[in-house]
Every structure is written in structure tokens, then in C-alpha cells.
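**Student:** Please read through the structure below; I'll follow up with questions.
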Amino acid sequence: VLYTMEDIGNYKVECCAKRIKERSPSTIINTVTKNITSTEDMKRYINTVDLIILAGDSPANINHLVNDYSFKNNIPWTRAGYHYYTAVCGPMYIPGQTACFECATEVTPMSLKNDLPFVSEVNKRYQVPSFAPVNGIAATIQAKEVISYLGEISEWHQTKEKMFVCDLKLLNMDLIDISTKKRCELC
């Protein structure tokens, strides 16, 4: 468990780093407690990494910002998250190998905001409530995918041009193909 009641009011990234250091004191962690609102912010705070893992939901265009930065800098990226009772992991976008987010968006199988129209009445920012088991599944699958990709265990890596979706309400899981023939100037 990364967060406790004592963490309320503190930055998530700082609390997470604290818990990781408690478990692995020799781990080197660099945290950034800044909002990413542009590709310039990404260059300033992220610069060059082996993989970008997106688990944020703001600003509203964060997927587009990460996609643009990733493909222009030849850095693979992936995302994980949830929407109400559905855990989502992937797809992993790999410059030079897969379509980018912009091209794959046209074939993404879900329009999650439209699936839950009542959300706008509950929360003006269209953020749905968090449910720990859903978050846990998304995080676990994402960790497995990241380790598989970075460890070059190709037979375990499943989210290249695919999205893992787990519906906890109906206990359904699926690996949805999102590959596309369309390519833009970016990818």
C-alpha cells in the first residue's frame, strides 16, 4: 500500500517515493512535483528516459502531449488507469513500430465518457471515483507489461498495439486489438 491517511494533503509522487525508499533504501528516485502542461515541460522535467508510463488524467490533453513528446524523441510510452469499474492498461506506443495515439484513437474501442453520462452531474471535471481493486489491477498489469518490455521478454509483453481491459462489475477481461493501417506524419 503506497498511501495512508497521513498522506492526505501531500503530493502523491512524494509519498510514493517515501514508501519505495522504505522498502528499498538504495533505490535512486527523482521526483517532480510540477504540472505537465506542454511538451516543453516534458523536456524540462522528463528529458530522456527508456519508457514513459502515463497514469495521470490531467490536463485534459495529457495523452496528446505525451504522444507528441514521445514520438518526436523516439521514446516508447504506455498508459494505465481506470474508468469507474473498468481497469485499462495500454496500449504501448513504440515510435517506428506502432501507430501513435492520434492514429490509434480513431480505432479505440471505448468512448468512456459517453458510457457514463451521469458522471458530469457528479463531477464537473469528468473524473470518476477511484475504487482500489480496479486501480490495483490496472497497476499490476501495467507493472508486468513494463517489466516485460524493458526486460525484453517479448512473449510476455502483450500490449503492443493492444489494450487490456478488465471490467470488475461483470468480471470480464479482454485484450483488444487497436492496430491501424493509418499513419500520420508523427508516426
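Position in the sequence shown (from 1) plus 265 gives the number in this note's numbering.
All C-beta atoms in this analysis are idealised placements derived from N, C-alpha and C, irrespective of residue type, glycine included.
1. The beta strand (DSSP E) spanning residue 440 covers which residue range?
2. Any idea if residue 374 is buried or exposed, counting beta-carbon neighbours within 10 angstroms, 16 or more meaning buried?
3. Tell whether a beta-carbon distance below 8 Å holds between residue 319 and residue 327.
4. What's the C-alpha gap between residue 408 and residue 325?
5. In the DSSP assignment, what are the bridge partners of residue 425?
6. Taking residue 421 as the reference, which of 449, 362, 410 and 444 has the closest Cα?
7. Using the three-state DSSP reduction, which class does residue 267 fall into: helix, strand or coil?
8. Using the C-alpha atoms, what's the distance from residue 290 back to residue 280?
9. Measure the beta-carbon distance from residue 441 to residue 428 and round it to whole angstroms, keeping in mind my assumption that it falls under 8 Å.
10. Which residue from 424, 321 and 292 puts its Cα closest to that of residue 298?
11. Residue 397 to residue 424, Cα distance in whole Å?
12. Identify the continuous alpha helix (DSSP H) that holds residue 285 and give its terminal residues.
13. For residue 283, which residues from the same chain have a beta carbon less than 7 Å from its beta carbon, with the 5 sequence-adjacent residues on both sides left out?
14. Jot down the residue ranges of each uninterrupted alpha helix (DSSP H) in the region 291-320, minimum 4 residues, whole runs only, in chain order.
15. With DSSP as the reference, label residue 401 as helix, strand or coil.
16. Per DSSP, which residues does residue 411 bridge with? Please list them.
17. Just the Cα atoms here: how many angstroms apart are residue 447 and residue 364?
18. Helix, strand or coil for residue 432, going by three-state DSSP, please let me know.
**Tutor:** Let me spell this out:
1. 437-442
2. For residue 374, the pLDDT reaches just 45, beneath the cut-off of 50, and the residue's location in the model is therefore unreliable, although a value from the coordinates is still provided. Flag for residue 374 reads exposed.
3. Going by C-beta atoms, residue 319 is nearer than 8 Å to residue 327.
4. 24 Å
5. 357
6. Looking at the Cα atoms, 410 is the closest of the given residues.
7. coil
8. Approximately 14 Å between the Cα atoms of the pair.
9. With a Cβ gap of about 5 Å, residue 441 and residue 428 count as contacting.
10. 321
11. 22 Å
12. Looking at the DSSP string, the run of the alpha helix (DSSP H) that includes residue 285 is 277-288.
13. Leaving aside the five residues that flank residue 283 on each side, none in its chain has a CB nearer than 7 Å to its CB.
14. 304-310
15. helix
16. BP columns for residue 411 are empty, so no partner.
17. 7 Å
18. strand
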